[in-house]
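*Asks:*
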DNA sequence: ATCTGGCTTTACGGGTTCTTTATGCCGGAG
DNA sequence: CTCCGGCATAAAGAACCCGTAAAGCCAGAT
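Chains as they are written, first to last, in my numbering: chain A, 44 to 269; chain B, 44 to 269.
1) Applying the 10 Å Cβ sphere with the 16-neighbour rule, what's the burial state of residue 48 of chain B?
2) In or out: residue 132 of chain B buried (at least 16 other Cβ within 10 Å) or exposed?
3) Does any C-beta atom of chain A lie closer than 8 Å to the C-beta of residue 210 of chain B?
4) Name, please, each residue of chain B whose Cβ falls closer than 7 Å to the Cβ of residue 137 of chain A.
5) Chain A partners of residue 183 of chain B, CB-CB under 9 Å?
6) Quick one: grab the DSSP three-state call for residue 208 of chain A.
7) Determine, using beta carbons only, whether residue 47 of chain A comes closer than 8 Å to chain B.
8) Check whether chain A comes within 8 Å of residue 197 of chain B, counting only Cβ atoms and requiring the distance to be less than that.
9) With DSSP collapsed to three states, give me the class of residue 54 of chain B.
10) Would you give the residue range spanned by the beta strand (DSSP E) that residue 42 of chain A belongs to?
11) For the ligand ZN, is there a heavy atom less than 7 Å away from the beta-carbon of residue 266 of chain B?
12) Which residues in chain A have a C-beta closer than 8 Å to the C-beta of residue 40 of chain B? List them in chain order.
13) Going by Cα to Cα distance, which pick from B:161, B:108, B:103 and B:101 is closest to residue 94 of chain B?
14) Please state if the CB of residue 235 of chain A and the CB of residue 200 of chain A are separated by a distance shorter than 8 Å.
15) Tell me the DSSP secondary structure of residue 198 of chain A in three-state form.
16) Let me know the secondary structure DSSP gives residue 243 of chain A once reduced to three states.
17) Once you ignore the five residues that flank residue 218 of chain B on each side, which residues in its own chain have a CB closer than 6 Å to its CB?
18) Kindly list, in the order they appear in chain A, the residues whose Cβ is closer than 7 Å to that of residue 149 of chain B.
19) Given 8 Å as the limit, is there contact between the segment 133 to 147 of chain A and the segment 100 to 116 of chain A, that is, 3 or more CB pairs closer than that?
20) Output needed for residue 221 of chain A: all residues of its chain with C-beta closer than 6 Å, excluding positions within five of it in sequence on either side, in chain order.
21) Rounded to whole angstroms, what is the Cα-Cα separation between residue 225 of chain A and residue 267 of chain A?
22) So, for residue 205 of chain B: in the same chain, excluding its five sequence neighbours on each side, which residues have a beta-carbon less than 8 Å away from its beta-carbon?
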């Protein structure tokens, strides 16, 4: 299993996909390509890239709309667009984009800006998160409690992993649901309760005192760091 | 004392210092100017800016040499240079610069990039606002008083967080209501009183002297920065 | 075909939080 | 002095949210 950063390239021109893709792979990154906004969103959910190179002129939606959605996942966004109007740059950056490069671009410069963006949004948190006697290994998708491996169902693991990715921070209901169940279920808060319950059953020693997965009423859940 | 971000502008051309300085100040920042690398370094130590706009062509030293020194302080660096060679950009970015803009530049774009850079370098630390013995961690959504965690209901936290986002400044009734209760309740000032009361109950030691959340009659509330 | 584990969906009791309304205090205006 | 606006306080019912339980459903395994 590789640990190289994964880059999602979104552009409707195949030539650009190829150009950027090969340059990035030569530089040691893994890459995913998407030609439409729809493709980009599913790739975002499934492949969990570390950064996105985003063209604004997509066939189905304006790339700008994607920026907040991508940033909500904590992923770096670099706009690569032919639009060079200042207003475009300003709105893109203010929507949360991490950088803005205009076409035609210099490949080496884009690579340097990718490095910078990855540095900024370093998801470089240690791959293994510890909380009490529970350890979550985010790369191997394994969970142990007091050293013994615990088997988790897909949604259970998704729930826990999403919390473990930002230990101690509150993850909102919507964030969890979007990450684990998908955009279609962002409102189904009940799922979270069920998942939390089964997780606590498996991971918490004392059923009466929730020491691992804590509830933030009306907002979301969070993992107790120590 | 103001809490607006402080920007250090380093350039040997007075015209540019003036241009950027006035633009930034119009945008609400505080600015410091430096014409040489030496001046820049002392300003860095004394004024503790939040970001540096750095020209590379300085009379005494090459601006590139300054980049690592500035980044060592955890301060954002945006290069603003006439050198547009790709190699320059790559080395600057790889030395740790957060962005690179070529002259002639568009002022609005530079402002947007300043905002982005500030966002990046602030995101690294978890943003904690202190007021007396109360600490508000805006990224983790946690509040402590004298080190002990205090649990806050959603509206309570929203109220406090809105104040903490601009410590010391008066937040109007309408602003608070819009931010926490939503557009539909911008007129329900009563809610604020109730929320303020329960917050004071939880956070203030002396019930008779409101030392944390102060009322600005007829206008709004503000957090005493301390 | 049957079983089983996992996911979805619905329901309910108990606790917390929000909203709403009423009351008293204070200071400035009339 | 009295009135009035703006405020803090208080309390109570409504609304909301949570954990828990359980039943139905689906798909893959047996």
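Every residue, glycine too, gets a C-beta built ideally from N, C-alpha and C.
*Replies:* If we stick to the structure as given:
1) Counting other Cβ atoms within 10 Å of its Cβ, residue 48 of chain B reaches 16 or more and is therefore classed as buried.
2) Counting Cβ neighbours within 10 Å, residue 132 of chain B comes out buried, since at least 16 surround it.
3) no
4) 155 and 158
5) 209, 211, 212, 213 and 265
6) coil
7) no
8) yes
9) coil
10) What the structure shows of chain A is the stretch from 44 to 269, and residue 42 of chain A is not part of that stretch, so it cannot be assessed.
11) Judged by which ligands are present, the structure shown has none, so any question about the ligand ZN falls away.
12) This structure gives no information on residue 40 of chain B, because the portion of chain B shown stretches from 44 to 269.
13) Cα-wise, what sits closest to residue 94 of chain B is B:161.
14) For residue 200 of chain A and residue 235 of chain A, no; Cβs fall outside 8 Å.
15) Assigned with DSSP and collapsed to three states, residue 198 of chain A falls in helix.
16) helix
17) Contacts found: none.
18) 129
19) As far as the Cβ criterion goes, the segment 133 to 147 of chain A touches the segment 100 to 116 of chain A, which means the pair count is three or higher.
20) 229
21) Approximately 25 Å, taken between the alpha carbons.
22) 214, 218, 219, 222 and 223
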